[in-house]
Amino acid sequence: MRVLSSITSILCFWMNFAQDQPKNTDALITINKEEISVDEFMNVYNKNIQLIEDEDQKGIDNYLELFINYKLKIADAKSEGFDKKQSYLDEYEKYKNQLIDTYLLDKKVTSELLEEAYSRTKEEVKAQHILVRVTGQDTLSALNQIREFRARFLNESFETLKKSIHNGNAIFVEDLGYFSAFKMVYDFENAAYNTPIGEISQPFKTQFGYHVVKVLDKRPSKGQAEAAHIMITNKSNDTEQTAEQRINELYRLIEQGESFENLAKQYSEDKSSAVNGGKLKPFKSGEINSELFVDTAFSLDVGAISNPIQTKYGWHIIKLLDKKPIESFEQLKFDLDKKVKRDSRSQVIKKRMLASIMNQYQVQAPKSNTISTFYKKNKDESGWILNESLSFENQLIKIKNRVLSYGDFLSFLNNNSKTKKSLEDHYNTFLENNVMQYKKDQLPFENAEYANVLREYEEGLLLFDIMEEKIWNRAKNDSLGLLEHYKNNASKFISPKNISGTIARSDKKSTLKKVKNLWDKNISNDEVSKVVNAKNQNVIFSSGTFEIGSSLLPKNAVFETGVSKIFDLDASYVVLNILNQQPEKVLSFEDARGAVISSYQNLLEQNWIEVLRAKFSFSVNQNVLNELKQKISNK
Numbered sequence: 001m002r003v004l005s006s007i008t009s010i011l012c013f014w015m016n017f018a019q020d021q022p023k024n025t026d027a028l029i030t031i032n033k034e035e036i037s038v039d040e041f042m043n044v045y046n047k048n049i050q051l052i053e054d055e056d057q058k059g060i061d062n063y064l065e066l067f068i069n070y071k072l073k074i075a076d077a078k079s080e081g082f083d084k085k086q087s088y089l090d091e092y093e094k095y096k097n098q099l100i101d102t103y104l105l106d107k108k109v110t111s112e113l114l115e116e117a118y119s120r121t122k123e124e125v126k127a128q129h130i131l132v133r134v135t136g137q138d139t140l141s142a143l144n145q146i147r148e149f150r151a152r153f154l155n156e157s158f159e160t161l162k163k164s165i166h167n168g169n170a171i172f173v174e175d176l177g178y179f180s181a182f183k184m185v186y187d188f189e190n191a192a193y194n195t196p197i198g199e200i201s202q203p204f205k206t207q208f209g210y211h212v213v214k215v216l217d218k219r220p221s222k223g224q225a226e227a228a229h230i231m232i233t234n235k236s237n238d239t240e241q242t243a244e245q246r247i248n249e250l251y252r253l254i255e256q257g258e259s260f261e262n263l264a265k266q267y268s269e270d271k272s273s274a275v276n277g278g279k280l281k282p283f284k285s286g287e288i289n290s291e292l293f294v295d296t297a298f299s300l301d302v303g304a305i306s307n308p309i310q311t312k313y314g315w316h317i318i319k320l321l322d323k324k325p326i327e328s329f330e331q332l333k334f335d336l337d338k339k340v341k342r343d344s345r346s347q348v349i350k351k352r353m354l355a356s357i358m359n360q361y362q363v364q365a366p367k368s369n370t371i372s373t374f375y376k377k378n379k380d381e382s383g384w385i386l387n388e389s390l391s392f393e394n395q396l397i398k399i400k401n402r403v404l405s406y407g408d409f410l411s412f413l414n415n416n417s418k419t420k421k422s423l424e425d426h427y428n429t430f431l432e433n434n435v436m437q438y439k440k441d442q443l444p445f446e447n448a449e450y451a452n453v454l455r456e457y458e459e460g461l462l463l464f465d466i467m468e469e470k471i472w473n474r475a476k477n478d479s480l481g482l483l484e485h486y487k488n489n490a491s492k493f494i495s496p497k498n499i500s501g502t503i504a505r506s507d508k509k510s511t512l513k514k515v516k517n518l519w520d521k522n523i524s525n526d527e528v529s530k531v532v533n534a535k536n537q538n539v540i541f542s543s544g545t546f547e548i549g550s551s552l553l554p555k556n557a558v559f560e561t562g563v564s565k566i567f568d569l570d571a572s573y574v575v576l577n578i579l580n581q582q583p584e585k586v587l588s589f590e591d592a593r594g595a596v597i598s599s600y601q602n603l604l605e606q607n608w609i610e611v612l613r614a615k616f617s618f619s620v621n622q623n624v625l626n627e628l629k630q631k632i633s634n635k
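Residue numbering for the sequence shown follows the working numbering, beginning at 1 and increasing consecutively.
Here it is, written out as structure tokens:
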């Protein structure tokens, strides 16, 4: 997709995002019976007038002419079918779908979830849980089983339960250690953070099944650490030494001065980090499933190396490379926003948004648990049919003034019959899709900001395409036209007067006197620089070709070949050693090609605008314009 910023530059003045609600819908301009309001014109005028450097061009009348030219180009693009091209339609639809998501989000809910997530990144929960997986449709037996296990958890130890009921298949009894936000699915995270220390939650369901969670501790987050380690696994392949013996031997070598990084590369059995000298990805204290490893790493000073420790993974020597506290909300906000939208929290946003929209449009729809009374499987079970007592055309769902019939859902149902969903799930998807689509369809009428942004992007794409075809490509590919334009305007394509040599700059005039004296003796630039800068004189030498008018040269000076006098330049001084001067001269066609193309494009555009002003009827409402001018002058 074309980058929006590039289109913005093409539009020069008027392609900016509109943000204000319309206040004046009076028609200021009419082009081919299409009315353009004062509000649309003033929106872009107010936002772009400061970009015009020439004060003479800032008047409302001049800007109005620019705006009319722009709108005439859009009218021409539409009249020639640019808005029907598939490439345009695809790109416009893609942008529209991206844009609409930002306007459909419930900002209040999103903001609450961001703040909640940030508060949870600052706190870690230590927990154990029991999970009973749900198999097939038998959720009731799984719920009854987790209730039974919770009752036992209240009276029996974790170790006892693990031995007696954990099977690693349908039932899990696990010690989770410490964790913080985003490490568990959102429903589990909620249960853990909302359960007091020492208590066991009521049963709750996630995508994995039914759980209860026991919270053992809560503590402030230790922040983020960056560490390296050398690891020897508990099941090391070394037949001569045990893992403990090998790690102790490596630790002695480190104490004797050997490189931690080199030893990690050679001996660490964590191959993913060994190649980087043992360096691990930065981690927060709740992100590694070893409390001992985390506590050891965070207890070190930056640069310090731990004694060997043993975790369930093996033996480790840890080197702390860096340690940071939790960043502020503003610093983490962007990253948290991305995580919230990827996380199961996004379903919370979607659910609340859907409920709000259904209330806004007074949606009338049967409950999902009644939908099975309207539809049934056909005889060969290959699809669905409507019950005989109902009519295809009758209303099933009403979304404000849009009606969806029993037949509409039946078509959806049979088109998606291969998807393994229940009838209720299909119905919920159908309802949700249509409610959201209705909201999208109404958004341009309900949100002026969205409508303005979408319109400007639409026009930007059209302008880009038609300018590319009628001006840019035409100018580049018209070899004869370019050559003729060059011949007719050769005097415009001139290389400016320039000088070649060296400029010496310093804030001390006395220092430049030394430079001038040395140059007068034909001493080379390198030698001059060594002499004057050896004593920290801070002279800057610039060599090359410089156009007259360059900021490095004194203004309005008369230049002659040789060593110049010392000139004042702003708050410093310069002296020049001029080797050559080139007067102005007409450039050859090849040397001037870029400038010729640009000039020819301007000519083509001017001619095109004249054609457009004759091709399309347009008018300006003078009464509305006069009122507008009066309002602007009174500000």
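C-beta atoms are modelled at their ideal positions from N, C-alpha and C, and glycine is treated no differently.
Span of the alpha helix (DSSP H), counted from its first residue to its last, around residue i
i    : result
Y193 : Y186 to N194
Y361 : Premise fails: Y361 is in no alpha helix (DSSP H) and is neither H nor E.
S510 : K509 to D520
L72  : I60 to S79
P220 : Per DSSP, P220 belongs to no alpha helix (DSSP H); it is in the beta strand (DSSP E), G209 to P220.
L423 : L423 to E446
E116 : K107 to T121
A595 : R593 to K615
Q161 : Just to set this straight, residue 161 is Leu in the shown sequence, not Gln. Element bounds for L161: F158 to I165.
Q98  : Q86 to L104
T30  : That residue, T30, is in no alpha helix (DSSP H); its beta strand (DSSP E) goes A27 to I31.
E327 : Note, E327: premise wrong, no alpha helix (DSSP H); not H, not E.
L280 : That residue, L280, is in no alpha helix (DSSP H); it is neither H nor E in DSSP.
T296 : E291 to S299
S551 : First-last for S551: undefined, no H or E at that position.
CB-CB length for residue i against residue j, believed under 8 Å
i    : j    : result
K514 : V532 : 6 Å
S417 : W384 : 7 Å
G501 : N556 : In fact, because the Cβ distance is near 19 Å, the residues do not count as touching under 8 Å.
V340 : T110 : 7 Å
For residue i, the nearest candidate out of the options (CA to CA)
i    : options                   : result
I540 : N556, E547, D568 and V575 : V575
F413 : I371, Q362, M436 and K398 : Sequence check: residue 413 is Leu here, not Phe. Answer by Cα proximity: I371.
S344 : Q86, I326, D568 and Q207  : Q207
I29  : D101, S619, N369 and P308 : S619
I357 : E327, S422, L336 and Q442 : Q442
L332 : G303, S119, A304 and I100 : S119
N248 : I309, N276 and E627       : I309
S572 : G562, L552, E584 and S588 : L552
K235 : G314, N169 and F298       : G314
K476 : N69, F293 and S599        : S599
E469 : E388, P444, W608 and K508 : W608
I36  : I68, I49 and K47          : I68
K509 : L612, L569 and G594       : L569
Residue i vs residue j beta-carbon contact at 8 Å
i    : j    : result
G286 : F179 : yes
V586 : A504 : no
I499 : Q581 : yes
S273 : L263 : no
I197 : K218 : yes
R150 : I200 : yes
V624 : V38  : yes
S368 : Y427 : yes
T121 : I288 : no
K284 : Q224 : yes
I349 : L114 : no
A365 : L431 : yes
E584 : P496 : yes
I317 : Y251 : yes
G277 : E261 : yes
Span of the beta strand (DSSP E), counted from its first residue to its last, around residue i
i    : result
T139 : It is not in any beta strand (DSSP E) - T139 instead sits in the alpha helix (DSSP H) that spans T139 to F153.
D322 : G314 to K324
K565 : G562 to L569
S202 : Sequence check: residue 202 is Gln here, not Ser. Looking at the DSSP string, Q202 is not in any beta strand (DSSP E), and its letter there is neither H nor E.
Residue-chain proximity (residue i, chain C), Cβ-Cβ < 8 Å
i    : result
L263 : Absent from the structure: chain C. Only one protein chain is present.
Touch test, the segment 317-329 against the segment 223-234, Cβ-Cβ under 8 Å, three pairs minimum: yes
Sufficient close CB pairs (3 or more, under 8 Å) joining the segment 366-375 to the segment 155-164: No, they do not touch.
Touch test, the segment 194-214 against the segment 123-133, Cβ-Cβ under 8 Å, three pairs minimum: yes
Three-pair Cβ contact test at 8 Å for the segment 395-405 versus the segment 356-370: Because the criterion of three Cβ pairs below 8 Å is met, the segment 395-405 and the segment 356-370 touch.
Stretch pair the segment 128-145 + the segment 167-181: three plus CB contacts closer than 8 Å: yes
Inter-stretch contact (C-beta, 8 Å, three-pair minimum) for the segment 456-471 and the segment 74-88: The way I'd put it, the segment 456-471 does touch the segment 74-88; three or more beta-carbon pairs between them come closer than 8 Å.
Segment contact flag, the segment 431-445 with the segment 91-107, C-beta cutoff 8 Å, min 3 pairs: yes
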